[in-house]
């Protein structure tokens with residue numbers, strides 16, 4: 044069985060599930076999902092710049108309304124459960140956990156723990172971080188020791 048660590052920041056859409064479960068054809072995949080709820084680590088200014096870059100000016104002005112830190116935890120728990128259920132319904136095995144701090148340390152630990160074959164980072168575009176190679180996928184490539192695939196989710200959070 045192929046073991047994939049899937050790092051996400053919000054619930055998977057049906058299109059996301061179809062995409063990640065189809066990456067390996069008929070091979071059975073076990074997904075270990077890591078979800079980091081929107082927290083203080085996600086700089087509000089950078090998110091606003093990303094919104095502006097995407098032409099979503101209304102979203103940029105509402106960044107302060109989105110729960111962060113502990114207030115985001117219940118949303119993260121629900122997003123994780125929805126994502127795991129969707130993966131299971133698609134025929135994949137899936138387990139997961141929320142990560143609070145240091146997402147790349149948690150990723151490295153999990154990759155080693157489950158002897159993962161790959162990491163898939165599936166997020167919204169984060170143009171500023173990507174430009175400076177500070178996004179999860181860019182940083183993970185230097186840390187985890189397995190191939191890292193970066194994908195963009197099919198819906199905006």
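In the numbering used here, the protein residues as written are 44 to 200. Glycine is no exception: its CB is placed at the ideal position from the N, C-alpha and C atoms. None of the values given here were measured: they were computed from a predicted structure.
For residue 153 against residue 63, the beta-carbon gap comes to about 16 Å, at or over 8 Å, which does not count as contact.
In the DSSP assignment, residue 46 falls outside any alpha helix (DSSP H) and within the unbroken beta strand (DSSP E) covering 45 to 51. Under the three-state reduction of DSSP output, residue 54 falls in the coil class, being neither helix nor strand.
Taking 8 Å as the cut-off, the beta carbon of residue 164 is found no closer than this to the beta carbon of residue 186. Here residue 73 is actually not in contact with residue 139; their C-beta atoms are around 11 Å apart, not less than 8 Å. By the Cβ-count criterion, residue 188 is exposed, with fewer than 16 other Cβ atoms from all chains shown falling within 10 Å of its own Cβ.
With a 10 Å radius around the Cβ and a threshold of 16 neighbouring Cβ atoms, residue 58 comes out exposed. Residue state for residue 134 is assigned as coil, using DSSP reduced to three classes. Here residue 197 has 56, 58, 59, 62 as same chain residues with Cβ atoms under 8 Å from its own Cβ, once five neighbours each way along the sequence are excluded.
For residue 193, the uninterrupted beta strand (DSSP E) run begins and ends at 191 to 195, by DSSP. Distance from the CA atom of residue 65 to the CA atom of residue 119, rounded to whole angstroms, is 25 Å. Contact check for residue 159 against residue 75 passes: the beta carbons are separated by less than 8 Å. By the Cβ-count criterion, residue 190 is exposed, with fewer than 16 other Cβ atoms from all chains shown falling within 10 Å of its own Cβ.
Where residue 187 is concerned, there is no enclosing beta strand (DSSP E), because DSSP gives it neither an H nor an E. Annotation: the continuous alpha helix (DSSP H) that includes residue 156 extends over 146 to 157. Counting only residues of its own chain and dropping the five nearest sequence neighbours on each side, residue 184 has a CB closer than 7 Å to the CB of 191.
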